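Some notes on the structure that comes next.
Residue numbers (our numbering), protein chains in the order written: chain A, 6 to 300; chain B, 6 to 300.
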């Protein structure tokens with residue numbers, strides 16, 4: 006059994022806890038029945054013994070597998086991780102989504118993507134990463150009575166993401182604690198209008214609208230202050246072909262979107278200016294979670 | 006010269022100062038050069054001498070006509086008003102938009118709809134009524150540096166609006182003063198997510214999403230408390246075929262949207278339960294402002 010889930014950029018611009026996008030950068034896990042329990046991790050997190058010992062994937066997988074089958078079996082898990090950890094690219098969401106999907110697949114129980122999304126919400130209270138991780142594409146989500154309501158727009162191949170991954174994380178806890186507890190009507194309208202306009206721009210492919218529509222007043226600047234060079238990165242991106250350029254999740258990764266023909270020049274420039282960062286050009290992903298039973 | 010502008014429902018659900026829709030209910034003004042200045046008003050406002058004496062249309066028209074031509078001429082204005090006044094159906098926006106358009110038309114100067122929208126913003130600080138009044142359809146708008154950025158989705162003929170117009174207004178001043186000055190993060194996310202999801206639902210014609218996506222926590226309940234029977238009206242509408250049912254603008258009109266085949270039954274029921282209200286079934290308008298030089 007082969008399960009793969011894409012990286013995601015969420016909190017997209019003004020779309021706090023709402024808007025997300027799936028990126029063509031996948032974590033893959035291979036699961037086989039075995040006489041002994043074993044884990045091997047390749048790629049991101051491979052050298053971190055804590056991840057092997059206290060593994061979120063295994064605990065979520067076990068919880069669901071036991072619930073579905075009434076017993077426990079032994080498996081060999083092989084993780085091939087490409088999504089960087091703690092950088093705002095949805096690595097936790099990928100783990101949650103793939104662990105639940107894997108438990109259902111190994112138990113031989115069908116689960117719809119919609120139901121999977123609602124189960125994943127039990128582990129991550131915001132839907133903006135899990136929705137694109139499950140569905141792919143650009144997603145708009147709201148939570149009502151512990152259920153995710155989500156709509157998806159597939160991304161066209163003419164666009165790419167230029168991802169700048171800093172050499173250190175922004176502590177989610179640290180930056181969330183710095184966010185205001187209350188917002189003025191003017192800031193609320195600022196974000197309600199831009200998040201809605203950004204949604205309309207994606208759904209109608211009016212990329213010329215992204216620059217204005219992707220601005221935020223709720224969280225981004227506060228978080229960027231923990232890593233102030235990101236302001237310069239954003240300015241450089243917007244001056245050099247980026248249709249929009251926003252913090253990915255709660256950071257520290259910065260997400261810029263360009264027409265395909267502008268991606269290389271922007272990536273090159275960012276590598277030059279931020280030599281300690283990893284810069285990646287990625288296609289968008291429109292599939293989301295993939296379960297391959299023959300894998 | 007014949008100028009007509011549709012009624013509009015704005016502040017749509019969670020889309021505070023952002024989302025609006027044009028309705029097929031038009032104010033028409035006919036303008037002819039004449040030896041004497043004269044005004045005649047038919048329909049809404051016809052019996053209100055204040056509207057004739059201190060006419061917003063005339064003062065905006067004069068301001069722009071004088072600016073464009075460098076002098077003043079005399080005209081005969083005939084208003085045929087169908088949009089109820091002070092009921093949250095965009096009557097002021099219709100006046101502003103048609104007055105500016107009329108001044109340009111009578112001066113023989115072309116004006117784009119985009120430019121017209123930005124001029125109209127000088128008279129009405131929120132774009133959510135003027136955008137659908139000018140463009141028609143469902144519109145999503147944000148203001149950046151005194152410019153309106155707006156995207157439109159045409160409405161399909163399979164849907165209709167059922168409009169309930171109370172016999173009295175909600176004072177905008179009164180109800181705006183009762184609104185909170187600040188909002189919690191949870192309420193902000195509630196509206197950001199729903200306004201974005203509502204936008205996605207309109208753009209992708211996923212009408213099944215409207216019910217959840219049209220909920221609001223910023224202003225609607227506070228305003229409805231000034232006319233508490235609206236809570237019952239909303240409940241009845243949602244229980245009887247309405248895909249969504251929200252305050253129109255800042256009220257007092259209530260806007261419900263249904264599939265065409267359900268509109269009559271809902272209108273009938275609302276007439277029965279609210280005999281003092283005017284109940285109208287309206288198509289949506291996808292044209293917005295129309296200038297007919299041969300009229």
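Virtual Cβ for every residue (Gly too), placed ideally from N, Cα, C.
These figures come from a predicted structure and were not determined experimentally.
Practice item. Within 10 angstroms of the Cβ of residue 285 of chain B, are there 16 or more other Cβ atoms? Answer buried if so, exposed if not. Key: buried
Review point. Taking the alpha-carbon positions, what's the residue 242 of chain B to residue 248 of chain B distance?
Key: 9 Å
Check your understanding: Exposed or buried, which one is residue 237 of chain B when buried takes at least 16 other CB atoms within 10 Å?
Key -> Exposed, by the Cβ-count rule.
Practice item. Figure out for me which residue from A:266, A:166, A:129 has the closest Cα to the Cα of residue 142 of chain A. Key: A:166
Practice item. Determine the direct distance from the alpha carbon of residue 144 of chain A to that of residue 25 of chain A, and round the result to whole angstroms. Key: 5 Å
Check your understanding: Under 7 Å between C-beta atoms, does residue 226 of chain B make it to chain A?
Key -> Residue contact check for residue 226 of chain B against chain A: no CB pair falls below 7 Å.
Review point. Would you call residue 31 of chain A buried or exposed, if buried means 16 or more other Cβ atoms sit within 10 Å of its Cβ?
Key: buried
Check your understanding: How big is the Cα-Cα spacing for residue 147 of chain A and residue 156 of chain A?
Key -> 9 Å
Review point. Are there 16 or more other CB atoms within 10 angstroms of the CB of residue 115 of chain A, so buried, or fewer, so exposed?
Key: exposed
Exercise for review: Please decide whether residue 126 of chain B counts as near chain A, where near means a Cβ-Cβ distance under 7 Å.
Suggested key: Not one chain A Cβ lies under 7 Å of residue 126 of chain B.
Point to revise | Residue from A:150, A:185, A:119, A:14 whose Cα sits closest to the Cα of residue 258 of chain A | key: Taking only the C-alpha atoms, the option nearest residue 258 of chain A is A:14.
Check your understanding: Under 7 Å Cβ-Cβ, which residues of chain B neighbour residue 2 of chain A?
Key -> Residue coverage of chain A in this structure runs from 6 to 300, which leaves residue 2 of chain A outside it and unanswerable.
Practice item. Examine the Cβ distances between the stretch 171-190 of chain A and the stretch 38-53 of chain A and report whether three or more of them are shorter than 8 Å. Key: no
Check your understanding: Rounded to the nearest angstrom, how far is the Cβ of residue 265 of chain B from that of residue 208 of chain B, given a contact under 8 Å?
Key -> Not really, about 20 Å apart at Cβ, beyond 8 Å.
Check your understanding: Taking the runs of the alpha helix (DSSP H) that are 4 residues or longer, which of them lie wholly in the stretch 168-200 of chain B?
Key -> 177-183
Exercise for review: Measure from the C-beta of residue 2 of chain B to each C-beta in chain A and report whether the shortest distance is under 7 Å.
Suggested key: Only positions 6 to 300 of chain B appear in this structure, which leaves residue 2 of chain B out of reach.
Exercise for review: Compare the C-beta of residue 198 of chain B against all C-beta atoms of chain A and say whether one is closer than 7 Å.
Suggested key: yes
Review point. Is the stretch 191-202 of chain A in contact with the stretch 196-205 of chain B, if contact means three or more CB pairs nearer than 8 Å?
Key: yes
**Study point:** Beta-carbon proximity check, residue 39 of chain A vs residue 82 of chain A, cutoff 7 Å
**Key:** no
Review point. Is the shortest distance between the beta-carbon of residue 21 of chain B and the beta-carbons of chain A less than 7 Å?
Key: Yes, residue 21 of chain B lies at the interface with chain A (some Cβ there is under 7 Å from its Cβ).
Check your understanding: Can you tell me the Cα-Cα spacing of residue 233 of chain B and residue 94 of chain B, whole angstroms?
Key -> 19 Å
Review point. Grouping DSSP H, G and I as helix and E and B as strand, with all else coil, what is residue 38 of chain A?
Key: strand
Point to revise | Among B:22, B:17, B:35, nearest to residue 296 of chain B - alpha-carbon criterion | key: B:35
Point to revise | Where residue 289 of chain B meets chain A, residues with beta-carbon distance less than 7 Å | key: The premise fails here: residue 289 of chain B is roughly 17 Å from chain A at the closest Cβ pair, so nothing lies under 7 Å.
Review point. First and last residue of the alpha helix (DSSP H) that includes residue 317 of chain A?
Key: No information on residue 317 of chain A is available, as it lies outside the stretch 6 to 300 that chain A covers here.
Review point. Ordered along the chain, which non-local residues of its own chain (more than five positions away) have a Cβ less than 8 Å from that of residue 73 of chain A?
Key: 108, 109, 112, 114
Practice item. Using 10 angstroms around the beta-carbon of residue 173 of chain B, count the other beta-carbons present and answer buried if the total reaches 16, otherwise exposed. Key: Of the residues assessed, residue 173 of chain B falls on the exposed side of the cut-off, its CB having fewer than 16 other CB atoms within 10 angstroms.
Review point. Roughly how many angstroms separate the alpha carbons of residue 90 of chain B and residue 28 of chain B, rounded to a whole number?
Key: 15 Å
Practice item. Using a Cβ-Cβ cut-off of 7 Å, state whether residue 188 of chain A counts as contacting chain B. Key: With respect to chain B, the C-beta atom of residue 188 of chain A has a partner C-beta closer than 7 Å.
Check your understanding: Which residue from B:11, B:19, B:12 puts its Cα closest to that of residue 222 of chain B?
Key -> B:19
Practice item. Taking only the alpha-carbon atoms, compute the straight-line gap between residue 244 of chain B and residue 230 of chain B and give it to the nearest angstrom. Key: 21 Å
Review point. Near residue 276 of chain A, which residues of its chain fall below 8 Å by C-beta distance, leaving aside the five closest residues on each side in sequence?
Key: If we look at residue 276 of chain A and ignore the five residues flanking it on each side, its Cβ neighbours are 282, 284.
Review point. If we cut at 7 Å on Cβ distances, does residue 204 of chain B have a partner in chain A?
Key: yes
Exercise for review: Go ahead and label residue 213 of chain A buried or exposed: buried means 16 or more other beta carbons lie within 10 angstroms of its beta carbon, across all protein chains shown.
Suggested key: Residue 213 of chain A comes out exposed.
Check your understanding: From residue 99 of chain A to residue 190 of chain A, what does the alpha carbon distance come to, in whole angstroms?
Key -> 35 Å
Review point. Do you know offhand how far residue 287 of chain B's Cα is from residue 269 of chain B's?
Key: 11 Å
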